[in-house]
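Accompanying notes for the structure given below.
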Amino acid sequence: LGAVNDEQEESGFQKRQKKLKAKIAAVEEENLAPRSWELSGEVTAMDRQTNSMLEKHVDYDHGRRIAPLITLDKTERLEAMIIQRIKDKAFDDVERKDRDQDTARSYRVPLQEKISKKSLAEVYEEQYQQKNNLRAKYICVVLMFWFTVLNSLSNVFGYLQVRPEITIVNNMASLRKEEVGPMASTEEMLVAPEEVKRHEKGEIKGSDERGSTDRARERRKKKVHLDDFQNHRILNRQKRRELAERKVKNGKRRSLKAVNVKSTNFFKELQETAMEEVNLVFI
1 LGAVNDEQEE SGFQKRQKKL KAKIAAVEEE NLAPRSWELS GEVTAMDRQT NSMLEKHVDY
61 DHGRRIAPLI TLDKTERLEA MIIQRIKDKA FDDVERKDRD QDTARSYRVP LQEKISKKSL
121 AEVYEEQYQQ KNNLRAKYIC VVLMFWFTVL NSLSNVFGYL QVRPEITIVN NMASLRKEEV
181 GPMASTEEML VAPEEVKRHE KGEIKGSDER GSTDRARERR KKKVHLDDFQ NHRILNRQKR
241 RELAERKVKN GKRRSLKAVN VKSTNFFKEL QETAMEEVNL VFI
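Laid out in structure tokens, this is it:
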């Protein structure tokens, strides 16, 4: 009969399972095995093999700018710029221009907020010295005038050359001398135009320029306004009626109270008792 073949043929599912298990085992071995230097984080030159960096494609940041790519468009621009510079005879480098700080200064005298450490006597002394200096300057000017007059009488004297007077031209802008904003302002001046009147959307049109849609819109607005006005009038009428009814009711109650308080019977009885007492006294 021959040898019996105990080995059974494997199905497709079993073959796939075997391949999957083999792959899982290979991945587990790779994970358990020591990793290479490029996957182990920060590595120094001593920890990796010689010239192993050259065998890998590594991405890293440059410490300087990368050289620009030279293209045909860029070279044409450079040539055009050089030709234009030669035509304009602009061969020198651009000179740096320092802009003056044009800050707005107040025309008012700044107040001295610091407290002076001088005594009152020292302040008066300085004022007195300033007055004396003015007197001394005046005396010097008068003496120099008379000296020149006396010297002019001699033939040796020569007049001094006339010095040109120094004139200071102040070309300061007028906005720096005058205040731009008003000194005082009311609430009405500070209100924006949108707060006074509501801004209407769209263009303002005349009666001849309005179309059918504009006229229909105006009619709707008028109807809404009239409805509001009529509702307001109806509410006012109802309120007036309620007030009138309340007044009538309050008037009736007051009249009833008055009748109860001012009853004629009560006063008649009092008068009769009083008259009887008087008659008894006279009898």
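Number 239 in UniProt numbering belongs to position 239 of the sequence shown; there are no gaps in the numbering. Quick reminder that beta carbons are idealized off the backbone N, C-alpha and C, glycines included. These numbers come from a predicted model, not from an experiment.
Check your understanding: From what residue to what residue does the alpha helix (DSSP H) around Glu29 run?
Key -> Translated into the one-based positions of the sequence shown, residue 29 becomes position 29. Where Glu29 is concerned, the enclosing alpha helix (DSSP H) stretches over Gly12 to Leu32.
**Study point:** Length-filtered (4 minimum) alpha helix (DSSP H) runs lying within the UniProt region "Disordered" (196-223)
**Key:** none
Check your understanding: In whole angstroms, what separates the C-alpha of Leu256 from that of Gln271?
Key -> To locate residue 256, count along the sequence shown from 1; it is residue 256. To locate residue 271, count along the sequence shown from 1; it is residue 271. Confidence at Leu256 is low in this model, with a pLDDT of 48, below 50, so the placement of that residue should be treated as unreliable; the coordinate-derived value is given next. One C-alpha to the other measures close to 24 Å.
Check your understanding: Between Lys56 and Glu38, which are expected to be in contact by the criterion C-beta below 8 Å, what is the C-beta distance as a whole number of angstroms?
Key -> Sequence index remark: in the sequence shown, residue 56 carries index 56 (1-based). Sequence index remark: in the sequence shown, residue 38 carries index 38 (1-based). Indeed they touch by this definition, with Cβ atoms about 6 Å apart.
Review point. Three-state secondary structure (DSSP) at Gln8?
Key: Here residue 8 corresponds to residue number 8 of the sequence shown, with the count starting at 1. Correct three-state label for Gln8: coil.
Check your understanding: The alpha helix (DSSP H) spanning Leu143 covers which residue range?
Key -> What you label residue 143 is simply residue 143 of the sequence shown in a count that begins at 1. Element bounds for Leu143: Leu120 to Asn151.
Exercise for review: Just the C-alpha distance for Lys118 and Asn133, rounded to the nearest angstrom, thanks.
Suggested key: To locate residue 118, count along the sequence shown from 1; it is residue 118. To locate residue 133, count along the sequence shown from 1; it is residue 133. One C-alpha to the other measures close to 21 Å.
Practice item. Give the secondary structure of Glu55 by DSSP, where H, G and I count as helix, E and B as strand, and everything else as coil. Key: Working through the sequence shown from its first residue, we reach residue 55 at position 55. DSSP places Glu55 in coil when its eight states are reduced to three.
Check your understanding: So, helix, strand or coil for Asn236, using DSSP?
Key -> For this step, residue 236 is matched to residue 236 along the sequence shown. Three-state result, Asn236: helix.
Check your understanding: At which residues does the alpha helix (DSSP H) containing Ala67 begin and terminate?
Key -> Taking the first residue of the sequence shown as 1, we reach residue 67 at position 67. That residue, Ala67, is in no alpha helix (DSSP H); it is neither H nor E in DSSP.
Check your understanding: Where do the N-terminal and C-terminal ends of the alpha helix (DSSP H) with Glu79 fall, by residue?
Key -> Within the sequence shown, the letter at position 79 stands for residue 79. Where Glu79 is concerned, the enclosing alpha helix (DSSP H) stretches over Leu72 to Asp88.
**Study point:** Under the three-state DSSP convention, the category Lys249 falls into
**Key:** Looking up residue 249 in the sequence shown gives position 249. Helix.
Review point. Hey, does Arg219 have any beta-carbon neighbour from chain B nearer than 8 Å?
Key: In the displayed structure, chain B is absent; only one protein chain is listed.
**Study point:** Straight-line Cα distance separating Arg65 from Asp88
**Key:** Counting from 1 along the sequence shown, the entry for residue 88 is found at position 88. Counting from 1 along the sequence shown, the entry for residue 65 is found at position 65. If you take the alpha carbons of Asp88 and Arg65, they lie about 32 Å apart.
Practice item. Find out if the Cβ-Cβ distance for the pair Arg85, Phe91 is shorter than 8 Å. Key: To locate residue 85, count along the sequence shown from 1; it is residue 85. To locate residue 91, count along the sequence shown from 1; it is residue 91. Their beta carbons are under 8 Å apart, which means Arg85 touches Phe91 by this criterion.
Practice item. Report the three-state DSSP secondary structure of Met46 (helix, strand or coil). Key: In the sequence shown, counting from the first residue as 1, residue 46 sits at position 46. It is coil, neither helix nor strand.
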